[in-house]
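Protein chains in written order, with my numbering: chain A, 1 to 121; chain B, 122 to 253. Note that beta-carbon positions come from the ideal geometry of N, C-alpha and C, so glycine has one too. These numbers were taken from a predicted model, which means no experiment stands behind them. Read the structure below first, then the notes.
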């Protein structure tokens with residue numbers, strides 16, 4: 001009997017869709033809070049991202065889960081989109097294209113996962 | 122090696138010739154900014170795992186003028202991603218049929234944008250609630 005190899009494309013398209021949705025819903029507010037409001041002391045309490053508060057958030061189940069899902073889905077969404085858009089600038093797939101998109105996504109996933117485990121529970 | 126050298130038209134700047142393609146390249150390009158933000162957050166996680174001194178260093182780095190400007194650019198790019206993500210929704214999702222009528226595409230787009238506004242306000246209030 002001939003076994004057919006299943007395509008792995010739906011996994012990557014699924015991550016692209018989920019990540020695109022995550023970035024569309026939460027991306028702007030996350031950038032605003034972490035990159036603008038907290039550093040400039042706008043609108044939010046001055047110690048919003050202080051070490052004890054951030055540690056407690058990253059150690060809680062919900063906080064850890066949210067951070068990981070956001071970082072993980074963002075990078076797989078963007079990696080997949082860039083991999084496909086490379087055709088538009090004349091790079092048609094290949095190992096280098098895969099390593100610099102999906103490879104980067106895999107590295108970021110591992111580093112963020114290890115850091116979040118290191119932060120503890 | 123074949124002696125045949127067929128003419129292959131150059132791809133250089135093809136997308137600059139039509140505003141529709143320019144917009145396409147810009148909305149696809151938002152992915153570069155999402156990569157950048159994901160990496161910024163990953164750096165933050167590593168610094169947080171390394172302890173208080175490392176974390177405070179990351180917080181200080183986020184206060185530099187260069188970082189603020191960079192995050193303003195990220196905010197514009199990722200907000201544009203949100204805008205176009207839902208704008209293209211009628212093309213990227215299967216048609217929704219209710220009572221034999223196809224759901225109006227404008228309604229799908231507006232629901233998406235509303236969802237982003239709701240998610241933004243709710244997230245901000247939750248963060249404010251945790252911090253206060």
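Subject >> Nearest-angstrom Cα separation, counted from residue 19(A) out to residue 30(A) >> reply: 14 Å
Subject >> Cβ-Cβ distance between residue 102(A) and residue 169(B) below 9 Å >> reply: no
Original post:
Does the Cβ of residue 110(B) have 16 or more other Cβ atoms within 10 Å, making it buried, or fewer, making it exposed?
Top reply: Missing from the structure shown is residue 110(B); chain B here goes from 122 to 253 and no further.
**OP:** Less than 8 Å between the CB atoms is what I'm expecting for residue 116(A) and residue 64(A), so what's the real figure, rounded?
**Re:** Confirmed, about 6 Å.
Original post:
What residues from chain B crowd round residue 74(A), counting only those whose CB sits closer than 7 Å?
Top reply: 155, 158 and 159
Subject >> Between the CA atoms of residue 194(B) and residue 38(A) - distance to the nearest angstrom >> reply: 16 Å
**OP:** Write down the C-beta distance between residue 77(A) and residue 23(A) rounded to the nearest angstrom, noting that I regard them as a contact closer than 8 Å.
**Re:** 6 Å
Original post:
Between the Cα of residue 113(A) and the Cα atoms of 162(B), 154(B) and 143(B), which residue gives the shortest distance?
Top reply: Selection 162(B), 154(B) and 143(B) evaluated against residue 113(A) yields 162(B) as nearest (Cα-Cα).
Original post:
In whole angstroms, what separates the C-alpha of residue 184(B) from that of residue 55(A)?
Top reply: 20 Å
Original post:
Between the segment 173–188 of chain B and chain A, which residues of the former have a C-beta closer than 8 Å to a C-beta of the latter?
Top reply: 173, 176, 177, 180, 183, 184 and 188
Original post:
Which first and last residues belong to the alpha helix (DSSP H) in which residue 36(A) is found?
Top reply: Careful: residue 36(A) lies outside any alpha helix (DSSP H) and carries neither H nor E.
Original post:
Which whole-angstrom value describes the C-beta separation of residue 95(A) and residue 248(B), a residue pair presumed to lie in contact below a C-beta threshold of 8 Å?
Top reply: Contact doesn't hold; Cβ gap of about 41 Å is too wide.
Original post:
Counting contacts by CB-CB distance shorter than 9 Å, is residue 141(B) in contact with chain A?
Top reply: no
Original post:
Whose Cβ in chain B lies nearer than 8 Å to the Cβ of residue 77(A)?
Top reply: 152 and 155
**OP:** Please determine, among 10(A), 109(A), 3(A) and 9(A), the residue with the shortest C-alpha to C-alpha distance to residue 74(A).
**Re:** 109(A)
Subject >> alpha helix (DSSP H) segment containing residue 186(B), residue limits >> reply: 186–208
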